[in-house]
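In what follows, a single structure is set out as structure tokens and then discussed.
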Amino acid sequence: MKALSIYICLFLLCISCSNDDDGQILSDLNEITSFSINETQGTIDNKIITLELDTGTDITALTPVIEHTGASIAPANGAIQDFTNPVVYTVVAENGDTQEFVVIVTITEPEPSDLNEITSFSINEQQGTIDNNTIILKLDTGTDITALTPIIEHTGLTIVPALGSAQDFTNPVVYTVVAENGNTQEFMVTVNVLGTVSGIEFITTWSAGEITIPTNPEFTYNYNVDWDNDGVIDESGITGDVTHTFDTDEEHTIRISGTFPAIQFDNNTNTGQSEANKIISVDQWGTGTWLSMDKAFVECTNLKVPATDIPDLSNVSSLFGMFIDANLANPDVSNWDISNVTIMAGMFFSASLANPDISNWNISKVTDAGLMFNGSALSTENYDKLLISFANQTRQNDVSFGANNTTFCSDEAATAKATLINESNWGILDDGRDAQCE
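In this text, residue positions in the sequence shown follow my numbering: the first is 35, and each later residue adds one.
Okay, here's the thing in structure tokens:
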């Protein structure tokens, strides 16, 4: 009976096992016991294997290292695989049984960066100075700052205004750098233009907290202003009147460069006479080409003209009313070139301190000098020199000339006046010959 039991057990055991041709028992094992890529071990859970690889890993060509209990595996161990989509591995046991494992590879998503710095900011190859969210650039004289495209390096995801976009830097521009995580940081960019070479600017001084530079609408402008006399242009590309408000209500010296053909305090302009009493001196005429002095300083009652340089008047045809009612103005005009001027009427009308010597002036093209010195302080000495000079020049006929309250003295001046009247039909209004000289 005992022998029969042993026989039955062996028989049943043989039934549950597979045998090869040699009668050997074949294994039914077909598990994946280890799955790694780039030394990163996968997690095996219910026939699902997951791996998370480092950021930047190319998952289209990976070679896993696999340990399994089967006779074979497909795809084969050591084969390069594309894991863009899940890959199914089939493990085949010795006895032919199969088992599938799905391998899913993902890439580690990094934490969004919080970096949002501007690390470099340049325009026209000039690097800006970055200090505590403030960027300052100084550009060469004459640079048009109304349309500049900066080169910017930053650590953020984006920047506004966008890279490569042209900006107007007449006023400071705020750039916003956005980090990957959405954090923002602002940087204020200020562009200054270096001042011009000494001597070329039109320099004036004003006494006010707010001033408007008045222009003549008949002409084209493109000028720059250094509002605080520090050698750095604060505004550029100005094409007409411009207003500036200062922090203090006191004297301010300003410098103008560029194309500035005329200044005009005419009460018919938009600026009107509101600014006339604010300008207190012309300190330098500069080397710019003036196109007109027509009503340039009308009613500038506080104006003095200490400038010692000579304005370029080679293209000026009118000095009409230049210093009307400019009570303090007594400029040195003795060497001015007015050879193309045709109108001098009212130039020093009611300029009560004006006593200019214009005996060197070339008046060959002048057609109107009416009321030129009425109400001025033209001295007898300077009037004598004026008459003698004019009578000895080539001149126009039928010219009006006014100098009431002014007398001449010398016999030569008397003769010169008679020549102008009798030979050229000049209409001269003055107070005649000084009684003490007769």
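The beta carbon of each residue, even a glycine, is placed where N, CA and C say it ideally should be.
Per DSSP, cross-strand counterpart(s) of residue i
i: Q219; result: V211
i: R429; result: Per DSSP, none; premise fails for R429.
i: K399; result: K399 pairs with nothing; no bridge assigned.
i: T168; result: D165 and M222
i: K338; result: S315
i: E101; result: S68
i: V266; result: L228
i: D346; result: T323
i: S434; result: D402 and G461
Continuous alpha helix (DSSP H) stretch holding residue i: start and end
i: F155; result: Not the alpha helix (DSSP H): F155 falls in the beta strand (DSSP E), residues I152 to I157.
i: D464; result: From DSSP, D464 is part of no alpha helix (DSSP H) but of the beta strand (DSSP E) over G461 to D464.
i: L454; result: D445 to S458
Buried versus exposed, by CB contacts within 10 Å (16 or more), residue i
i: T428; result: exposed
i: P146; result: exposed
i: V122; result: exposed
i: Y41; result: Unreliable placement is indicated for Y41, whose pLDDT of 43 sits below 50; the coordinate value is still reported in the next sentence. Exposed.
i: V208; result: exposed
i: A360; result: buried
i: G306; result: Residue confidence for G306 is low, a pLDDT of 49 falling below 50, so the modelled location carries little weight and cannot support an answer.
i: A181; result: exposed
i: M222; result: exposed
i: T441; result: buried
i: S368; result: exposed
i: N426; result: exposed
i: T177; result: buried
i: E457; result: exposed
i: V99; result: exposed
i: A296; result: buried
i: N150; result: buried
i: S50; result: Only weak support is given to the placement of S50: the predicted model assigns it a pLDDT of 38, under 50, and the value that follows is read from those uncertain coordinates. Classification for S50: exposed.
i: T118; result: exposed
i: L421; result: buried
i: S270; result: buried
i: A469; result: exposed
i: N349; result: exposed
i: P248; result: buried
Proximity below 7 Å, CB of residue i to CB of residue j
i: G233; j: Y257; result: no
i: N336; j: I314; result: yes
i: F383; j: G409; result: yes
i: V125; j: G112; result: no
i: T453; j: Q430; result: no
i: T246; j: V316; result: no
i: N389; j: L412; result: yes
i: F155; j: P195; result: no
i: E309; j: T279; result: no
i: D131; j: N64; result: yes
i: S326; j: S352; result: yes
i: G461; j: S434; result: yes
i: T323; j: D343; result: no
i: V503; j: I83; result: An answer regarding residue 503 cannot be provided, because it is not within the stretch 35 to 472 covered by the chain.
i: L96; j: Q75; result: no
i: A127; j: S68; result: no
i: V212; j: T192; result: yes
CA nearest to the CA of residue i, picked from the options
i: D328; options: F299, G322 and F424; result: F299
i: V266; options: F331, K172, G190 and C334; result: K172
i: P109; options: T89, K338, I66 and I141; result: I66
i: Q58; options: I78, N72, A95 and N129; result: N129
i: G355; options: G76, K338, I71 and E333; result: E333
i: N72; options: D79, T91 and E159; result: T91
i: S398; options: F407, F424 and A379; result: F424
i: P340; options: P295, D366, T140 and V350; result: D366
i: N167; options: N205, Q133 and Q219; result: Q219
i: C471; options: I455, A448 and D283; result: A448
i: H102; options: I377, D116 and I78; result: I78
i: A450; options: D62, I179, S61 and K419; result: K419
i: Q201; options: I186, G190, V212 and G320; result: I186
Element boundaries [beta strand (DSSP E), containing residue i]
i: T124; result: V121 to V126
i: R289; result: V276 to T293
i: T246; result: F236 to I247
i: F442; result: That residue, F442, is in no beta strand (DSSP E); it is neither H nor E in DSSP.
i: K329; result: Careful: K329 lies outside any beta strand (DSSP E) and carries neither H nor E.
i: S393; result: That residue, S393, is in no beta strand (DSSP E); it is neither H nor E in DSSP.
i: A108; result: S106 to A108
i: N258; result: N256 to D260
i: V375; result: No beta strand (DSSP E) holds V375; DSSP gives it neither H nor E.
i: V194; result: T192 to V194
i: T84; result: I82 to L87
i: E187; result: I185 to H188
i: G482; result: Residue 482 is absent from the model: the chain starts at 35 and stops at 472.
i: S68; result: I66 to I71
i: V137; result: T132 to I141
i: D79; result: T77 to D79
Distance cut-off 6 Å: residue i Cβ against heavy atoms of the ligand NAP
i: I377; result: The ligand NAP is absent from the structure shown, which contains no ligands of any kind.
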